[in-house]
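Engineer:
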Amino acid sequence: ALIMRGGCSFMTKTKVAERAGALAAIIADNDESNDITMIDMIDDSTERVVRIPSMFLLGKDGLMIRRQLSIVNSDRALITIPVNLTGKPLSVTKRPPW
Numbered sequence: 001a002l003i004m005r006g007g008c009s010f011m012t013k014t015k016v017a018e019r020a021g022a023l024a025a026i027i028a029d030n031d032e033s034n035d036i037t038m039i040d041m042i043d044d045s046t047e048r049v050v051r052i053p054s055m056f057l058l059g060k061d062g063l064m065i066r067r068q069l070s071i072v073n074s075d076r077a078l079i080t081i082p083v084n085l086t087g088k089p090l091s092v093t094k095r096p097p098w
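Structure, rendered in structure tokens:
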């Protein structure tokens with residue numbers, strides 16, 4: 001599920017996505033111009049358990065995915081997400097071209 005940030009905790013958003021049958025939750029920043037600032041998805045102390053993976057996505061990246069889905073008139077996408085296994089700080093890793 002591609003979900004916009006805001007309104008409730010990351011835990012709540014992920015739990016709602018899980019209950020709806022999502023296999024994962026990608027929570028995009030609600031600032032669509034944000035292409036730099038990462039947000040920590042901290043625990044909301046409710047002690048709920050989530051069984052699906054979740055991740056934060058920059059607002060600009062979320063916007064680009066939603067735009068493309070609109071262009072191709074689809075509500076589904078296969079997305080390849082690179083994972084930083086280098087140990088290098090995010091500030092020195094390559095960014096998307098937008």
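Counted the way UniProt numbering counts, the sequence shown spans residues 1 to 98. Heads up, the beta-carbon is just placed ideally off N, CA and C, and yes, glycines get one too.
Have a look at Thr-86 and Met-11 and give me their C-alpha separation to the nearest angstrom.
Structural biologist: The count along the sequence shown starts at 1 and reaches residue 86 at position 86. The count along the sequence shown starts at 1 and reaches residue 11 at position 11. Spanning the two alpha carbons is a distance of roughly 28 Å.
Engineer: List the DSSP bridge partners of Ser-9.
Structural biologist: The residue labelled residue 9 in the question sits at position 9 within the sequence shown. In DSSP, Ser-9 forms no bridge with anything.
Engineer: Distance, Cα to Cα, Lys-15 vs Lys-60?
Structural biologist: Mapped onto the sequence shown, residue 15 falls at position 15. Mapped onto the sequence shown, residue 60 falls at position 60. If I take the Cα positions, the gap works out to 24 Å.
Engineer: Within the chosen definition, does the stretch 17 to 35 reach the stretch 55 to 72 through at least 3 CB pairs nearer than 8 Å?
Structural biologist: Taking 8 Å as the limit for Cβ pairs, the verdict is that the stretch 55 to 72 does touch the stretch 17 to 35.
Engineer: Where DSSP assigns a beta bridge to Ile-27, which residues make up the other side?
Structural biologist: Stepping through the sequence shown from its first residue, residue 27 is reached at position 27. Bridge partners of Ile-27: Ile-3 and Phe-56.
Engineer: Would you mind giving the Cβ-Cβ distance between residue 102 and Asn-34, rounded to the nearest angstrom? I have them listed as a contact below 8 Å.
Structural biologist: The displayed coordinates of the chain run from 1 to 98. Any statement about residue 102 would go beyond what the structure contains.
Engineer: If you draw a straight line from the C-alpha of Ile-71 to the C-alpha of Ile-36, how long is it?
Structural biologist: Mapped onto the sequence shown, residue 71 falls at position 71. Mapped onto the sequence shown, residue 36 falls at position 36. C-alpha separation (whole angstroms): 25 Å.
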